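Enquirer: Here it is: the structure, laid out below.
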Amino acid sequence: MDIQTNYRPTEAIINLQAIKQNVASLRQHLQKNVQIIAVVKANAYGHGDVEVAAAAIEAGATMLAVATPDEAVHMRAHFPEIDILILGATPPNFIPYAAKENITLTVFSTDWIKYAASYLPQAQPVKLHIKVDSGMGRIGVTSKEELIPLYQMITDSPHFIVDGIFTHFATADEEDSLYFDNQVSLFKELLAALPSKPRLVHVANTATALVKDISLQYDAVRFGISMYGLLPSSYVGEILPFPIQPAFSLQTELVHVKPLQAGQSVGYGATFTAQEDIYVGTIPIGYADGMLRKLGGQEVLVGGERAKIIGRICMDQSMILLPKAYNIGEPVVLIGRQGQEEITLDDWANKLETINYEVPCVITARVPRKYQ
Ligand code: PMH
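Structural data, given as structure tokens:
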């Protein structure tokens with residue numbers, strides 16, 4: 031018997047048309063032969079990796095990028111043909127799977143190639159992309175002295191292929207381009223030192239692809255945040271070459287509505303006390319869903335109007351101040367549009383004193399993702 035799940039009305043709605051449109055708009059913006067690598071790591075920034083990847087591929091993406099071997103295994107199970115790149119460090123014991131399933135790995139040290147000796151693939155060689163750390167300080171080779179021996183070691187081996195080389199920018203979304211320009215220079219210097227250019231050179235994240243020099247599109251761009259319809263920064267928003275459409279919304283329903291008299295309080299710590307007679311609505315979402323306690327005071331939308339979250343957010347429930355006695359089952363939008371009003375993911379990010387990238391990532395798996 032199939033067991034029904036998701037009885038609770040709390041759900042994230044992912045607009046796949048928006049994702050397709052964002053990818054299609056990027057396609058128009060890029061030079062003809064530049065490929066789009068859809069960055070679907072971390073469950074597609076919390077949006078749902080399988081559905082997002084399918085939408086991105088339909089709209090023109092030719093490669094998927096994930097962060098970990100497990101994410102690559104998950105993607106391969108759903109997409110037998112598409113090229114998949116693991117952006118992070120992969121332990122050499124993954125090599126046999128990578129060879130068999132054509133997963134491209136990121137490398138940045140000769141030690142890794144040495145450790146790989148115990149796991150050498152039998153049949154196909156494994157495709158590798160060399161990561162250059164041009165200033166992010168995360169993973170990657172930082173000099174020619176590191177790059178050239180690594181490149182030689184890979185090309186000397188029948189078990190590996192240098193399929194690509196890439197770097198990642200720390201400040202591509204900022205107006206001041208000094209640090210960015212230094213990263214570009216170092217990457218170009220290292221690229222020029224190679225005996226021959228690998229098949230895929232890629233450096234551009236969203237911000238680079240959208241607002242930097244077109245020569246930085248190279249052979250492919252790694253499209254993350256704006257595929258989801260979100261801006262990497264407000265600066266990029268000011269000079270965006272095409273409109274983007276957010277894909278993520280979050281909604282629930284009122285499960286209880288009650289009048290509260292002046293002087294009565296709400297929630298743990300009784301931190302909110304009614305100053306007059308009011309209506310309080312309870313919604314079935316809390317910090318265990320990723321609606322962190324710091325979002326206390328954030329507005330939600332009910333009946334096309336703004337209503338505030340009052341008292342402390344609980345693990346599974348929260349209370350809101352209602353303008354009138356709504357019925358149980360009344361829709362409540364936490365992120366997204368209702369009538370003329372909109373609450374954005376950036377509103378949540380501001381309230382949480384973080385960036386929009388983080389918000390959908392921390393909406394937990396308890397909140398089902400529904401697709402439209
Ligand atoms: N390439 C790499 C190597 C990345 O780490 C990321 C995002 C992207 C491309 C896509 O960037 P975009 O979403 O700005 O387009 N990585 C991360 C990160 O590690 N933390 O925040 C974003």
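Using the working numbering, read the sequence shown as starting at 31 and increasing by one per residue. Cβ atoms here follow ideal geometry from the backbone N, Cα and C, with glycine treated the same way. Just so it is clear, the structure is predicted and the values come from calculations on it, not from any experiment.
Could you work out which residue in 369, 216 and 350 is closest to residue 197 when comparing CA atoms only?
Expert: The count along the sequence shown starts at 1 and reaches residue 197 at position 167. The shortest C-alpha separation from residue 197 is found at 216.
Enquirer: Mind the definition here: the segment 290–300 touches the segment 84–92 only if three or more C-beta pairs lie below 8 Å; say whether that holds.
Expert: Verdict: no, contact absent.
Enquirer: Helix, strand or coil for residue 155? Go by DSSP, reduced to three states.
Expert: One-based indexing of the sequence shown puts residue 155 at position 125. Looking at residue 155 - three-state DSSP - the assignment turns out to be coil, as it is neither helix nor strand.
Enquirer: Of the choices 232, 257, 256 and 254, whose alpha-carbon is the least far from that of residue 245?
Expert: Your numbering for residue 245 matches position 215 in the sequence shown. If we check each option's Cα against that of residue 245, 232 comes out closest.
Enquirer: In chain order, which beta strand (DSSP E) runs of at least 3 residues are fully inside the segment 184–244?
Expert: Here the runs fully enclosed are 190–197 and 230–234.
Enquirer: Quick check on the burial criterion: 16 or more other C-beta atoms within 10 angstroms. Buried or exposed for residue 45?
Expert: Counted from its first residue, the sequence shown places residue 45 at position 15. Buried is the call here.
Enquirer: Quick one: give me the first and last residue of the beta strand (DSSP E) that residue 250 is part of.
Expert: Position 220 of the sequence shown, counted from the start, is the residue given in the question as residue 250. Start and end: 250–253.
Enquirer: Going by DSSP, what residues sit across from residue 280 in a beta bridge?
Expert: Walking along the sequence shown from the start, residue 280 turns up at place 250. DSSP output for residue 280 lists 42 and 365 as bridge partner(s).
Enquirer: What residues are listed by DSSP as bridge partners for residue 286?
Expert: The residue labelled residue 286 in the question sits at position 256 within the sequence shown. Beta-bridge pairing links residue 286 to 312.
Enquirer: Look at the alpha carbon of residue 41 and the alpha carbon of residue 112, and state the distance between them as a whole number of angstroms.
Expert: Locating residue 41 in the sequence shown gives position 11, where the first residue counts as 1. Locating residue 112 in the sequence shown gives position 82, where the first residue counts as 1. Distance between the alpha carbons of residue 41 and residue 112: 30 Å.
Enquirer: Does the beta carbon of residue 255 fall short of 7 Å from some heavy atom of the ligand PMH?
Expert: In the sequence shown, the residue the question calls residue 255 occupies position 225. Because some heavy atom of the ligand PMH lies under 7 Å away, the Cβ of residue 255 counts as near it: yes.
Enquirer: Name the one or two DSSP bridge partners that residue 162 has.
Expert: As a working note, residue 162 is residue 132 in the sequence shown. Residue 162 pairs with 171 and 197.
Enquirer: Would residue 125 and residue 155 be called neighbours here (beta carbons separated by less than 8 Å)?
Expert: Taking the sequence shown and counting its residues from 1, one reaches residue 125 at position 95. Taking the sequence shown and counting its residues from 1, one reaches residue 155 at position 125. Not closer than 8 Å, so no.
Enquirer: Return yes when at least one heavy atom of the ligand PMH lies under 7 Å from the C-beta of residue 52, else no.
Expert: The sequence position of residue 52 within the sequence shown is 22, counting from 1. Result no, Cβ not under 7 Å from the ligand PMH.
Enquirer: Could you check if residue 198 belongs to the surroundings of the ligand PMH, using beta carbon to heavy atom distance under 7 Å?
Expert: In the sequence shown, the residue the question calls residue 198 occupies position 168. Yes, since a heavy atom of the ligand PMH falls inside the 7 Å radius drawn around the Cβ of residue 198.
Enquirer: With H, G and I counted as helix, E and B as strand and the rest as coil, what does DSSP make of residue 401?
Expert: Numbered from its first residue, the sequence shown carries residue 401 at position 371. Strand at residue 401.
Enquirer: Determine the closest residue to residue 352 out of 211, 100, 333 and 101, with distance taken between C-alpha atoms.
Expert: As a working mapping, residue 352 is identified with position 322 in the sequence shown. That would be 333, whose Cα lies nearest to the Cα of residue 352.
Enquirer: Please list the terminal residues of the continuous alpha helix (DSSP H) segment that includes residue 92.
Expert: Within the sequence shown, residue 92 is the residue found at index 62, counting from 1. From DSSP, residue 92 is part of no alpha helix (DSSP H); its letter is neither H nor E.
Enquirer: With distances taken between CB atoms, is the gap from residue 49 to residue 257 smaller than 8 Å?
Expert: Locating residue 49 in the sequence shown gives position 19, where the first residue counts as 1. Locating residue 257 in the sequence shown gives position 227, where the first residue counts as 1. Their beta carbons are under 8 Å apart, which means residue 49 touches residue 257 by this criterion.
Enquirer: With a 10 Å radius around its C-beta and 16 neighbouring C-beta atoms as the bar for buried, classify residue 161 as buried or exposed.
Expert: For this step, residue 161 is matched to residue 131 along the sequence shown. Buried is the call here.
Enquirer: Quick check: the Cα distance between residue 292 and residue 281, rounded to an integer number of angstroms?
Expert: Here the question's residue 292 lines up with position 262 in the sequence shown. Here the question's residue 281 lines up with position 251 in the sequence shown. For residue 292 and residue 281, the distance between alpha carbons rounds to 29 Å.
Enquirer: Using a Cβ-based criterion (distance less than 7 Å to any ligand heavy atom), does residue 237 qualify as near the ligand PMH?
Expert: The count along the sequence shown starts at 1 and reaches residue 237 at position 207. Residue 237 Cβ: within cutoff of the ligand PMH.
Enquirer: Hey, residue 339 and residue 327 are a contact pair by Cβ (cut 8 Å); roughly how many whole angstroms apart?
Expert: Within the sequence shown, residue 339 is the residue found at index 309, counting from 1. Within the sequence shown, residue 327 is the residue found at index 297, counting from 1. Confirmed, about 6 Å.
Enquirer: Taking a contact to mean a Cβ-Cβ separation below 8 Å, would you say residue 139 touches residue 180 in this structure?
Expert: Your numbering for residue 139 matches position 109 in the sequence shown. Your numbering for residue 180 matches position 150 in the sequence shown. Yes, the Cβ-Cβ distance between residue 139 and residue 180 is below 8 Å.
Enquirer: Cβ of residue 99 versus every heavy atom of the ligand PMH: is any distance shorter than 7 Å?
Expert: Counted from its first residue, the sequence shown places residue 99 at position 69. False, no ligand heavy atom lies under 7 Å from that Cβ.
Enquirer: Among 295, 316 and 277, which one has its Cα closest to the Cα of residue 306?
Expert: Residue mapping note: residue 306 aligns to position 276 of the sequence shown, counting from 1. Residue 295 is the option with its Cα nearest to residue 306.
Enquirer: Just to confirm, does residue 57 get its C-beta within under 7 Å of one of the non-hydrogen atoms of the ligand PMH?
Expert: If you number the sequence shown from 1, residue 57 lands on position 27. Every heavy atom of the ligand PMH is 7 Å or more from the Cβ of residue 57, so no.
Enquirer: Should residue 107 go down as buried or exposed, given a rule of 16 or more other Cβ atoms within 10 Å for buried?
Expert: What you label residue 107 is simply residue 77 of the sequence shown in a count that begins at 1. Exposed, by the Cβ-count rule.
Enquirer: For residue 146, which option in 63, 195, 325 and 183 has the closest C-alpha, if you only look at C-alpha atoms?
Expert: Reading the sequence shown from its first residue, position 116 is the one you call residue 146. Ranking 63, 195, 325 and 183 by Cα distance to residue 146 puts 183 first.
Enquirer: When the Cα of residue 374 is compared with those of 34, 261, 359 and 290, which residue comes out closest?
Expert: The sequence position of residue 374 within the sequence shown is 344, counting from 1. Comparing Cα positions, the closest option is 261.
Enquirer: Looking only at its own chain, which residues have a Cβ that is under 6 Å from the Cβ of residue 259, when we skip the five neighbours before and after it?
Expert: Mapped onto the sequence shown, residue 259 falls at position 229. Closer than 6 Å at Cβ, skipping near neighbours: 48, 52, 274, 275, 276 and 277.
Enquirer: Which residue comes first and which comes last in the beta strand (DSSP E) that contains residue 338?
Expert: Numbered from its first residue, the sequence shown carries residue 338 at position 308. Segment 335–340, the beta strand (DSSP E) holding residue 338.
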